[in-house]
Structure formats: structure tokens, C-alpha cells
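Q:
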Amino acid sequence: MYTRTAAEKYMVPELQRFCSEYILSHVNARNVCQLIEYVAHSDGGQVDDVVVSVLQQEGVAVVSSEGFMDASEITVEYVLRNVRNVPESCVVHGLHEWARSKVIKSLTMDRRDDDTTPIEDVKAAMAPFMPLLRFLALTPEEFIVGPSSWKIFEEREDFAILCNIVCHGSVPLPEWASSVRCQR
């Protein structure tokens, strides 16, 4: 990517084309988030169609990849807005793991493996992305075993989402909650 950016800047179209071809042939679910990071944090140009293609064809692998766990908020938002053909339970779980990872990295004290991650910190890390999650596309069991058990909602929010999963429109959703019920 750095070479392609330099080739574009110094108007070397042949090198730019060669770099683009190389990137296209080597981007995959494991490294797509790093490519998005580069484009987001540099003057690296537009995200290639191949990035969107990977997000749409290998979504499960992307949201469970190490690259996603290490991604910035900008990349996480881009992935959540563009990932397709992936069960919402995988997306929600991936974001939860990303938030836990972010919180653990931000802690200054040493922690043992059996320590718990502060729930309020995980909730705060997930908060900007909650409107992008399609909780209503989860089954009641997926919701209860996943997000509800993580204690990331207020009790009334938890209840309202679960009620709407079971019976759409039965109670008002929290303002931030997406009303989309279909899978990505």
C-alpha cells in the first residue's frame, strides 16, 4: 500500500497498477482490516472493490479475525456497515470480543486470565456501534446466551429487545436500536 500510494503521488502509473494487482491478489479475511486501517489513516486513496468483496464473501472470517480485534473504531464501523452474508450472532459476538480486547489493552494493571473485563468499559466501547447491530435478527436463544448475558444493556433495553425479537412491535425499542430484522 505504501508503494502504491507513492506511485500515485509521483505519477508512476505502471508501478501503481502493479501494486494494485498485487494487493488485489493478496487481500483476504485475515488482512482486510489492516488494508482498511491503512486507507483510513493515510492518504491511501479509496478502498478497493476487493475489500468490499472480501467483506461480503468472507464476513464470518473477517469479524473473527485477529485483524478485526486489533482494528480502530473507524475500521470497525466500516466493517459493520459493509459486511454481508454473515449471521448477526457472529457480528455481535465479534464486536463484543473487539470491545473486550480494546478494554483489556487499555488497562494499565497486570491481569490474570481468570480476571473479568469491566462490563461498563465493554459497554462503553460497544456503545457507538450499537445502532449498527441488528439485534432483532437474532433468535431469542442467541440473544439470551449472547448480548443479554454480557450485561451490556439496561434491564429495560434488554427486555424491550427480547420482546421485539419474539413479537415485533410489542414494546418500543430503545432509541438507538436498529429495527432491521433481516440477516446481513
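Take the position in the sequence shown, starting the count at 1, then add 204; the result is the number in the numbering used here.
Note that the Cβ used here is the ideal one computed from N, Cα and C, for glycine as well.
#1: Go ahead and label Pro351 buried or exposed: buried means 16 or more other beta carbons lie within 10 angstroms of its beta carbon, across all protein chains shown.
#2: How many whole angstroms separate the CB atoms of Ser269 and Cys294, which I take to be in contact at a CB cut-off of 8 Å?
#3: With a threshold of 8 Å, are at least 3 pairs of Cβ atoms found where one atom belongs to the segment 296 to 308 and the other to the segment 253 to 260?
#4: Using alpha carbons as the reference points, say which of Glu277, Cys371, Ser276, Val283 lies closest to Ala265.
#5: If you follow the alpha helix (DSSP H) that Gln260 is in, where does it begin and where does it stop?
#6: Tell me whether the beta-carbon of Glu281 lies closer than 8 Å to the beta-carbon of Ala341.
#7: Report yes if the CB atom of Val325 is closer than 8 Å to the CB atom of Val307, and no otherwise.
#8: Classify Asn337 as buried or exposed, calling it buried when 16 or more other Cβ atoms lie within 10 Å of its own Cβ.
#9: How many angstroms separate the CA atom of Pro224 from the CA atom of Val255?
#10: In three-state terms, what does DSSP make of Thr321?
A: Taking the coordinates as given:
#1: Within the sequence shown, numbered from 1, the residue matching residue 351 stands at position 147. Result: buried.
#2: As a first step, residue 269 is located in the sequence shown; it is residue number 65 there, counting from the start. As a first step, residue 294 is located in the sequence shown; it is residue number 90 there, counting from the start. Contact flag wrong, Cβ pair sits at about 12 Å.
#3: no
#4: What you label residue 265 is simply residue 61 of the sequence shown in a count that begins at 1. Selected option, being the one with the closest Cα: Val283.
#5: Position 56 of the sequence shown holds residue 260. Its alpha helix (DSSP H) spans residues 253 to 261.
#6: The sequence position of residue 281 within the sequence shown is 77, counting from 1. The sequence position of residue 341 within the sequence shown is 137, counting from 1. The answer is no: Cβ separation not under 8 Å.
#7: Numbered from its first residue, the sequence shown carries residue 325 at position 121. Numbered from its first residue, the sequence shown carries residue 307 at position 103. Looking at the sequence itself, residue 325 is Asp, so the reference to Val does not match. Between Asp325 and Val307, the CB-CB gap stays under 8 Å.
#8: As a working note, residue 337 is residue 133 in the sequence shown. First, the residue type needs correcting, since residue 337 is Leu and not Asn in the sequence shown. Counting C-beta atoms within 10 angstroms of its own C-beta, Leu337 has 16 or more neighbours from the protein chains shown and is therefore classed as buried.
#9: Along the sequence shown, one-based indexing puts residue 224 at 20. Along the sequence shown, one-based indexing puts residue 255 at 51. Reading the sequence as shown, one finds Ser at residue 224 and not Pro. When rounded, the distance between both Cα atoms is 12 Å.
#10: Here residue 321 refers to the residue found at position 117 of the sequence shown. DSSP, read as helix, strand or coil, puts Thr321 in coil.
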